Structure formats: structure tokens, C-alpha cells
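First residue of the sequence shown: 1, per UniProt numbering; consecutive thereafter.
We treat Cβ as the ideally placed atom computed from N, Cα and C, and that holds for glycine.
Values in this document were obtained by computation on a predicted structure and should not be read as measured data.
Data first, discussion second: the structure below is written as C-alpha cells.
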Amino acid sequence: MSFVITAPQLLSATAGQLAGIGSTIGAANAAAAAPTTTVLAAAEDEVSVAIAALFGCYAQGYQALGAQAASFHDRFVQTLTASAGWYVSAEAASTNPLQCVLDAINAPTQMLLGRPLIGNGADATAPGQNGGDGGLLYGNGGAGYSSTTAGVGGTAGGSAGLIGAGGRGGAGGVGAAGGAGGNGGWLYGSGGAGGNGGAGAMGGSGGNAGLFGNGGAGGAGGDGLAGAAGVNPTQHVTQPDAKAGTAGSPFTGTGGGAGSDGVAGQTGGAGAAGAMGIGGGGGGGAGGAGGNGAPGGAGGAGGDGNGGGGVT
1 MSFVITAPQL LSATAGQLAG IGSTIGAANA AAAAPTTTVL AAAEDEVSVA IAALFGCYAQ
61 GYQALGAQAA SFHDRFVQTL TASAGWYVSA EAASTNPLQC VLDAINAPTQ MLLGRPLIGN
121 GADATAPGQN GGDGGLLYGN GGAGYSSTTA GVGGTAGGSA GLIGAGGRGG AGGVGAAGGA
181 GGNGGWLYGS GGAGGNGGAG AMGGSGGNAG LFGNGGAGGA GGDGLAGAAG VNPTQHVTQP
241 DAKAGTAGSP FTGTGGGAGS DGVAGQTGGA GAAGAMGIGG GGGGGAGGAG GNGAPGGAGG
301 AGGDGNGGGG VT
């Protein structure tokens with residue numbers, strides 16, 4: 001953690017850029033010195049000589065001022081470069097003692113309870129590992145592990161101690177739920193948000209708040225998965241047979257009636273038998289046509305013919 005509000009790297013980079021600008025300006029001044037400091041008179045009269053001397057005087061004054069500006073620029077760049085080193089040294093000098101003091105404070109509780117007194121919990125870095133709990137007195141919980149593997153769920157975020165926010169739950173992989181958010185501090189702190197669920201899975205629940213604070217938001221559920229392919233039926237529904245045809249007349253030898261056609265899934269009716277007739281039997285009735293998915297009915301048998309002599 002940085003205790004100095006300065007970026008030494010940016011200071012060093014800026015000093016390098018300013019040094020380049022100074023070199024460019026110095027080269028331009030040197031190139032302009034000869035043609036501007038020794039201006040020739042336009043003529044040999046006194047006015048021309050005076051004008052040339054005036055221009056030359058201005059050029060010499062500019063060169064003197066440019067030399068002073070270049071000297072100031074060089075000193076500024078040197079100071080800026082040195083400041084970057086001073087900030088690095090100051091940060092190193094202030095960090096080490098404070099870190100040593102913090103380690104000394106946390107050592108007893110870390111050894112007895114497995115968590116520091118002051119400090120944030122570590123973020124989970126492996127599947128199945130929850131985020132670390134924050135310090136007992138002060139500190140936020142670490143974030144749970146977010147999975148990128150199908151079927152592997154996210155883990156729970158760490159909980160805070162007395163004061164602090166709960167860690168965010170990890171996101172689940174495809175088909176796996178997100179982890180729950182960690183609980184906020186007992187006295188003050190908001191619960192951590194639940195992790196988002198993978199495709200087809202639910203998100204994790206948000207963490208609870210302490211005495212003062214807000215509960216964490218639940219994680220978003222994943223997108224639904226595609227439905228299963230449809231299948232064909234394995235059997236037909238059995239329907240009763242259609243109505244059979246009527247029998248033929250026994251005296252005239254007429255043919256039997258045709259059976260009724262079946263509806264879808266129904267067997268056609270059987271044709272009726274022809275009656276016994278004089279001089280020849282009647283023909284059997286035609287079987288009814290079967291409906292879709294069922295056979296047609298059987299045709300009726302023809303009647304027996306009577307070959308006796310005529311009546312006298």
C-alpha cells in the first residue's frame with residue numbers, strides 16, 4: 001500500500017521528456033546565433049550601420065536570456081529527477097516500520113484464530129477455496145473463486161469482522177451455481193454480492209449486513225440451456241372397430257353391405273356375408289377402409305347359390 005500520493009515513475013518519465021525539450025531548444029538557439037548576432041549593414045551610411053547594430057544587440061540579448069533559461073531548465077530537470085528518487089526512498093522508509101507494526105499486531109490473532117486483527121482477506125485463487133475473512137477488528141472479506149470450467153461452481157466470498165464489507169461470491173462455470181457473498185461487519189458493513197450463475201444455473205445469494213449496512217445483491221442466474229429433441233410415439237392408441245356391414249337378403253341373394261370406414265387409428269368394419277339366393281348366391285360386402293394407423297376390415301363371404309329346377 002502506498003503512503004505517498006505521488007507516482008515516482010511518472011516523475012522520472014516527465015523529467016526525461018523535459019530534458020529532450022531543453023536539448024531541442026538549445027540546438028535551435030545555437031543554429032540561430034550566427035545569422036542573428038552578426039547582421040551586416042544594408043549600406044555604409046550611418047543609419048544602416050545603426051540598424052544593423054541594433055538587431056545584433058537584440059540577438060545577443062536573446063542569446064544571453066536563452067542561456068539563462070537553459071541553465072534554469074537543466075536545474076529543474078535535475079531537481080525533478082532527484083525528487084522521484086526522494087519519493088521512492090520516503091515511501092520505502094515509511095512502509096517498512098508500519099508493516100512491521102501491523103505484523104506484530106496481527107500475529108497473536110492469526111496464530112490463535114487463523115485470521116488477522118486488521119487487514120483485508122485474501123481473494124480465492126483455486127477451485128473450492130473461499131475468499132479469506134477480513135480482520136476481526138477491521139477489514140473486508142476476500143472475493144470467492146470464479147470458475148471457468150463447466151460444472152464447477154463459484155465459491156463464497158469472505159466475511160468481514162467488526163467493521164468491513166463482505167467479499168463478492170465467485171461466478172460459476174456452465175451449469176454450476178455462483179457462490180454466496182460474504183457477510184458484512186458485525187457493527188458496520190454491507191454484505192457482498194452473490195456470484196453470477198453459469199448457463200442454466202442460479203446465482204449466489206447476497207451476504208447479510210451487520211448492525212448498520214446493506215445486504216448484498218444476489219447474483220444473476222445464467223441463461224437457460226436448449227431443450228431436448230422431440231421423440232416419436234412408441235405405440236398407437238387402440239380404437240374400437242368401425243361398424244360392420246348388414247347381411248344380404250336370404251331370398252333375393254343380394255350382396256352383404258360394406259363395412260364402415262375407420263377413422264384415424266381405428267380398424268374398418270367387416271363386410272357382411274351375402275345371403276343364400278335362388279339361382280346364385282349374393283356377393284359378400286366389401287370391408288371398410290382402415291383409418292390412419294389401422295388396417296381395413298375383412299370383406300364378407302358370398303352367399304351359396306341354389307341350382308334347383310324351376311317351379312311347375
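Residues near residue i in its chain [Cβ-Cβ closer than 6 Å; skip 5 each side]
i      : result
Val152 : Pro127, Gly173 and Ala176
Ala171 : Ser146, Gly154, Gly178, Gly195 and Asn196
Ala217 : Ala193 and Gly206
Ala42  : Ser48
Ala122 : Gly132 and Gly142
Gly158 : Gly121, Gly131, Gly132, Asp133, Gly141, Gly142, Gly167 and Gly182
Ala201 : Gly172, Gly175, Ala176, Ala177 and Gly222
Expected contact under 8 Å - CB spacing of residue i and residue j to nearest Å
i      : j      : result
Ala165 : Tyr145 : Contact doesn't hold; Cβ gap of about 18 Å is too wide.
Gly142 : Gly135 : Their Cβ separation, rounded to whole angstroms, is 11 Å, which puts Gly142 and Gly135 out of contact at 8 Å.
Gly189 : Ala160 : 5 Å
Leu40  : Ala52  : 6 Å
Leu18  : Leu80  : 7 Å
Endpoints, the alpha helix (DSSP H) within which residue i is located
i      : result
Ser162 : One detail in the question is off: residue 162 reads as Leu in this sequence, not Ser. First-last for Leu162: undefined, no H or E at that position.
Asn29  : Pro8 to Thr37
Option nearest residue i by Cα separation, candidates the options
i           : options                           : result
Ala82       : Asp45, Gly16 and Gly154           : Gly16
Asp223      : Ala64, Gly203 and Gly215          : Gly203
Ala220      : Ala209, Gly210, Ala199 and Phe212 : Ala199
Gly215      : Val49, Gly181 and Gly26           : Gly181
Ala33       : Gly169, Ala59 and Thr14           : Ala59
Ser185      : Asn208, Ala201, Thr24 and Thr149  : According to the sequence shown, residue 185 is Gly rather than Ser. Gly185 has its Cα closest to that of Asn208, out of Asn208, Ala201, Thr24 and Thr149.
Ser89       : Ala70, Leu187, Phe212 and Ala7    : Ala7
Thr24       : Ala64, Cys100 and Asp74           : Asp74
Thr14       : Glu44, Gln78, Gly213 and Tyr62    : Gln78
Ala27       : Gly61, Ser12, Gly66 and Glu46     : Gly66
Ala70       : Gly22, Gly169 and Gly213          : Gly22
residue 384 : Ala93, Leu211 and Ala84           : Outside the displayed range of the chain (1 to 312) lies residue 384, so it cannot be described from this structure.
Gln68       : Tyr87, Gly56 and Asn29            : Asn29
Pro35       : Glu46, Glu44, Tyr87 and Cys57     : Cys57
Ala64       : Glu46, Asp45, Phe76 and Thr37     : Thr37
Phe76       : Gly169, Gly213, Thr148 and Gly20  : Gly20
Spatial neighbours of residue i in its chain, beta-carbon cut-off 7 Å, leaving aside the 5 residues before and after
i      : result
Ile118 : Leu102, Ile105, Asn106, Gly135, Leu137, Tyr138 and Gly139
Thr109 : Arg115, Pro116, Leu117 and Leu136
Gly150 : Here the sequence assigns Ala to residue 150, which means Gly is not the residue at that position. Around Ala150: Gly173, Val174 and Gly175.
Gln129 : Tyr145 and Thr155
Phe55  : Val39
Contacting residues, own chain, Cβ-Cβ under 8 Å from residue i (five flanking each side not counted)
i      : result
Gly85  : Pro8
Tyr87  : Val4, Thr6, Pro8 and Leu11
Glu44  : none
Thr148 : Gly173
Segments of 3+ residues assigned as beta strand (DSSP E) that fall wholly inside the stretch 169 to 207: none
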